[in-house]
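Note sheet for the following structure.
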Amino acid sequence: MSERQANQRAGAYQAHFRVWRGDADGGGLTDFEVEVHEGEVVLDIIHRLQATQAPDLAVRWNCKAGKCGSCSAEINGRPRLMCMTRMSVFSRTETVTVTPMRAFPVLRDLVTDVAFNYTKAREIPAFVPPADLGPGEYRMQQEDVNRSQEFRKCIECFLCQNTCHVVRDHEENKDVFAGPRFLMRIAELDMHPLDAAPASGLDRKSTAQDEHGLGYCNITKCCTEVCPENIKITDNALIPLKERAADRKYDPLVWLGNKIRRRTE
Amino acid sequence: MATGIEPPPQTDAIGVRDTSRAAIPARHLRTDRWWLAPAGTAAGLLAFVVYSTWRAFSNADYYHAPYVSPFYSPCLAQNCHTMRGGPNWEILGSWWGLSPALLILIFPLGFRLTCYYYRKAYYRGFWASPPACAVAEPHAKYTGETRFPLILQNIHRYFFYFAVLVAGVLTYDTVLTFRDAHYAWGHMGLGSLVFLANIVLIWAYTLSCHSCRHIVGGRLRHFSKHPVRYRLWGWVGRLNERHMLLAWASLISVAVADFYVFLLASGAFEDPRFF
Amino acid sequence: MAHVDRQTWDVVVVGAGGAGLRAAIEAREAGMRTAVICKSLFGKAHTVMAEGGIAASMGNANENDNWQVHFRDTMRGGKFLNQWRMAELHAREAPDRVWELETWGALFDRTADGRISQRNFGGHEYPRLAHVGDRTGLELIRTLQQKIVSLQQEDERDSGSYDAGLKVFQECTVTRVLKKDGRVSGVFCYQRESGRFFVLEAPAVVLATGGIGKSFKVTSNSWEYTGDGHALALLAGAPLINMEFVQFHPTGMVWPPSVKGILVTESVRGDGGVLRNSDGNRFMFDYIPDVFKEKYAQTEAEGDRWYEDPDNNRRPPELLPRDEVARAINAEVKAGRGSPHGGVFLDVSTRMPAEVIKRRLPSMHHQFKELADVDITAEPMEVGPTCHYVMGGVEVDPDSAAATGVPGLFAAGEVAGGMHGSNRLGGNSLSDLLVFGRRAGLYAAEYVAALRDRPAADPRDIDAAEAEALRPFSAEGGGQHADRGPAENPYTLHQELQQSMNDLVGIIRREGEMAEALERLAELRVRARRAGVEGHRQYNPGWHLAIDLRNMLLVSECVARAALEREESRGGHTRDDHPDMDRRWRNVNLVCELADTRADSGEADPALGQIRLSRRETPPIRRDLLELFDKDELVKYLTDEELSR
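Here it is in structure tokens:
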């Protein structure tokens, strides 16, 4: 049995790929014919292109198991992790188009400059440990940490940041909008049972609205749709955060109460 | 370099075509039928708007004992059809000359208009903001819900309170359907079932609201200190996962209930009585 | 070389996994301006893959637990080859390291009374692993990452710059540790994005680069695990120890290719998964060693009953220790009874209803469905041993994590050797990262504070490092090596290296095969000199791989030489020709050093071995620590002479 026959028996076939190649100065979709074996994912095919046809094809990846969130790209126009996109979801005759994430500046080929996200991460005030508790003295109930734990499943693939139209379609909003991942981070901290931010004078709910652009979110749920960890970003983080901000800012009773309290203080 | 002779920035070089991004001229590269969902949403909502506008302004065929159309309940003006034991509360007196439906529909309309699900639906379906995920929106500017009027979406919870009241009245109406045309209790017709289905869906939709979820428990920091509210929050959360489904189901059911009353009131159909 | 950027820092940490970030936090808190340099993006390190948990004897689940018990478990797991002082420090300090994570925002799973929940794991006497579902590593990385961000926020408030006191250079690679007069003077690096070279001058460098798995064909490790820190230490003149001990997990996926190497957790077997060969036989019954005969079921019927009634039946042989299972799988495959893709079948689908599988193994079911399109409720998995962890690494001072012989060089985490002896217990890696990451940062800071003068990087070394890094570009276009043969594809070389290591220095080792491996490595070294790349320096993975090949070849040679030398089987080192553990080897470390220490190894003839191997006797275990064990147990490990001391 020849190798070719063996391959065919194993379900190998030639697929047509279009991969965006280029850099900040320009580029375009390049066509490739490449062998695909049964059970492979898009990242395997990109690696095969590297090994056989385009050794300098730039791609970010790490764990190849959907746990690190490095290989984010857009496949047939949809933001996805390349390691979590099985070739079996495409028909054998279908052209598979792979481009870098389109909300971030491109560096080279499939690699983008994701500095936006790291900048935003720094703008979110960190966890404030309670002053009266030392290491080992923290007591938290499971039901009180469940919500924040869901958000901490985030692998920071930045697909939600990439797909969010607030910044994807409006570069100028990048200054004022933290994006779903980091609004979710605020929600995570605001729901943390022991975060001492309020005691330190930091109101995460209001700053979410005032400083991190929560109001830009129009809850169209694309962040949730693309999340490879299936975190309910919109329903469990962004909307609750909007409601918490509404408590602070749009609830006349609360507003009045705060006014009076401030005056009497 | 600011030499003054460079071309002005191209107006279409925004968003995904920004010069820093990967040079791809297409607004999107999706190969699936991404337009189907927003188109379907828009069509569905439009159909309801057309239907409800006609019914709300018609000011006719909304009562057929013992059934009152949910569009006209409670009836707050004097020009209402008299409904024995029904939701006639003439708060506004006689000066109101328009259809009484307009008075009450503001509340469910406001509730649904500011609902987190419907917002998603019409932002996508009507305003294409965005039309679908990773499909570029056609707008040059975007400020979301940061300014008037969209900042008013934040008052959703007040509409929720009203929606609870309205749902209470509709529950009352449903109880009244267990009478016959002569207001005798202990009877039931096909309309009772229609109303029952409608009110269950209305309640399910109302209680599955994100604001409701926040109010019953979501705003708490320590669930462990509020076991009852934690349990309520859990229940509401499970309903909330089906908020979209319930939004559509209750929208359709309310239209069906109204249309059923219309058929009866206009004499086009006879209510089959069970007992 | 004026065109190479130079920056000055106090401490440079190479690697941004658990150990590197913990070291950086400690050094920064000690007042040192600290740079972290990592090959991937910040927060993507391989630590995220750790699932089980962090071993620390907090005693939340069982109050009898304490550091002595943890120490004992660790020594047993490592077959007493552990650097005992490291094992002691590790067991003593792990609880503090876990609790401190909570003050930085970590959210572990909780016990009913609100403390950190702890779970059971193989080799640990009590439930000991602090965990967050099956994503503990992610929680660890994210917590450390966010702690670093919070320190940067402090710096920003004080100085106006986030990067003033602690900066992360992401997607940069270190190719050389620079030295001046025997002391560390900095690191030579390139930025992956631009290909630009730069030098970070610092008197202290902490290596925290992780492991070497990418030298093997089947591995659970990511591309980053090319043994960089091991090689950097060697090239800087620091010795490695215990490199023959490589942990293979018996059940890694071998098919489909998208998940090759990824672990199938042990609980699949614990919950009823059975191993079969291509004839359909449950072959594990043929591989029960005599010492285990009494503890394991002899018939399939009895083994099956165990799952329901463990008190009255013996456990099935699928649950033998990892190395026994791995050995059995290996033997079946070599005998031609393997699955189509070179493994064996691990089957739960015919043994449990789909609903039960989904309930008991949700993450496994999900993982295979999502990643591999394999429905484990309907078809068997193909599994085989996968390279998981290297116990060997840089020889360090147990207290300070300082590398031997190179002042200013420190190592922590997987890249450091000794802590785990010949075999690591599950859960001990994450605690290792925290305990020794902190110590490395602390003592690096102390070392810098005590310096009177700082060694400057030698421009000639910088030139040499640059020339070495650029060699792959000249290989093709008639450069200095063009006369010796055609240019080689680095991907091909890498594949051949992985195949050789997997086949010849893999889980079961034989003298002849390892000798052959050394010959193949010599040949690969010659060819690697001609590894050429296309394109330019900007984000060029082919070039990056060509540079990493140097490291993998060095480390592979260490593994092969040490494995050939150690004529016994112990922990992660199994010799077919010497199947028993030998007490005389217990206190022997095999030390690898660079044979030719000239600045540019490229000058040496690549066909010659680059590694010099020597034996070193380990210091005797402190008496009070020995007294934690029964004498009956000690006689299995220690020689009579050691016991009588």
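Residue numbers (the numbering used here), protein chains in the order written: chain P, -1 to 263; chain A, 163 to 437; chain Y, 19 to 663.
Cβ atoms here follow ideal geometry from the backbone N, Cα and C, with glycine treated the same way.
Measuring only the C-alpha atoms, how far is residue i from residue j?
i         : j         : result
Leu337(Y) : Gly141(Y) : 13 Å
Val453(Y) : Leu119(Y) : 12 Å
Ala239(A) : Asn221(A) : 12 Å
Ala617(Y) : Lys62(P)  : Any reading at Ala617(Y) is ruled out, since the residue's pLDDT is 44, under 50, leaving its predicted position unreliable.
Arg555(Y) : Asn569(Y) : 19 Å
Glu92(P)  : Glu388(Y) : 21 Å
Tyr224(A) : Ser428(A) : 9 Å
Leu355(A) : Leu401(A) : 22 Å
Phe436(A) : Arg246(A) : 22 Å
Ala535(Y) : Leu192(P) : 56 Å
Gln498(Y) : Leu572(Y) : Confidence is the limiting factor: at Gln498(Y) the pLDDT is only 49, short of 50, which leaves the residue's position unreliable, though a coordinate-based value still follows. Computed Cα separation, rounded: 22 Å.
Are any of the Cβ atoms in chain Y nearer than 7 Å to that of residue i?
i         : result
Ala49(P)  : yes
Cys66(P)  : yes
Leu34(P)  : This sequence places Val at residue 34(P); Leu is not what is there. No, no contact with chain Y.
Cys155(P) : no
Leu108(P) : no
Gln147(P) : yes
Gln140(P) : yes
Check the Cβ-Cβ distances between residue i and every residue of chain A, and say whether any is below 7 Å.
i         : result
Lys219(P) : yes
Ala244(P) : yes
Pro127(P) : no
Gly25(P)  : yes
Gly199(P) : no
Trp18(P)  : yes
His168(P) : yes
Tyr214(P) : yes
According to the Cβ coordinates, are residue i and residue j closer than 7 Å?
i         : j         : result
Glu154(P) : His376(A) : no
Glu514(Y) : Gly229(Y) : no
His190(A) : Ala296(A) : yes
Val54(Y)  : Val31(Y)  : yes
Val39(P)  : Tyr11(P)  : no
Asp54(P)  : Gly560(Y) : yes
Leu169(Y) : Leu39(Y)  : no
Phe187(Y) : Leu196(Y) : no
Arg19(P)  : Asp111(P) : no
Leu443(Y) : Ala37(Y)  : no
Gly361(Y) : Val264(Y) : no
Ala421(Y) : Ala251(Y) : yes
For residue i, count neighbouring C-beta atoms within 10 Å of its own C-beta (all shown protein chains included) and say buried if the count is 16 or more, exposed if not.
i         : result
Glu307(A) : buried
Arg602(Y) : exposed
Leu187(P) : buried
Gly24(P)  : exposed
Trp197(A) : exposed
Gly496(Y) : Here the model assigns Gly496(Y) a pLDDT of 43, short of 50, so the residue's position is not dependable, and the following value carries that caveat. It counts as exposed.
Leu208(A) : exposed
Quick one: is residue i near chain P, going by C-beta distance under 7 Å?
i         : result
His388(A) : no
Ser278(A) : Checking the displayed sequence, the identity of residue 278(A) turns out to be Tyr instead of Ser. Yes, because at least one Cβ of chain P sits closer than 7 Å to the Cβ of Tyr278(A).
Ile166(Y) : no
Lys649(Y) : no
Gly71(Y)  : no
Cys295(A) : yes
Ile159(Y) : no
With 7 Å as the threshold, decide whether the Cβ of residue i is near any Cβ in chain C.
i         : result
Val178(A) : In the structure shown, chain C cannot be found, because the protein chains are P, A and Y.
Using a Cβ-Cβ cut-off of less than 8 Å, list which residues of the stretch 547 to 575 of chain Y approach chain P; keep chain order.
Val551, Glu552, Gly553, His554, Gln556, Tyr557, Asn558, Pro559, Gly560, Trp561
Using a Cβ cut-off of 8 Å, which residues of the stretch 81 to 108 of chain P contact any Cβ in chain Y, in chain order?
Cys81, Met82, Arg84, Ser86, Leu105, Arg106, Asp107
Against chain A: residues of the stretch 231 to 242 of chain P by CB proximity under 9 Å
Thr232, Asp233, Asn234, Ile237, Pro238, Lys240, Glu241, Arg242
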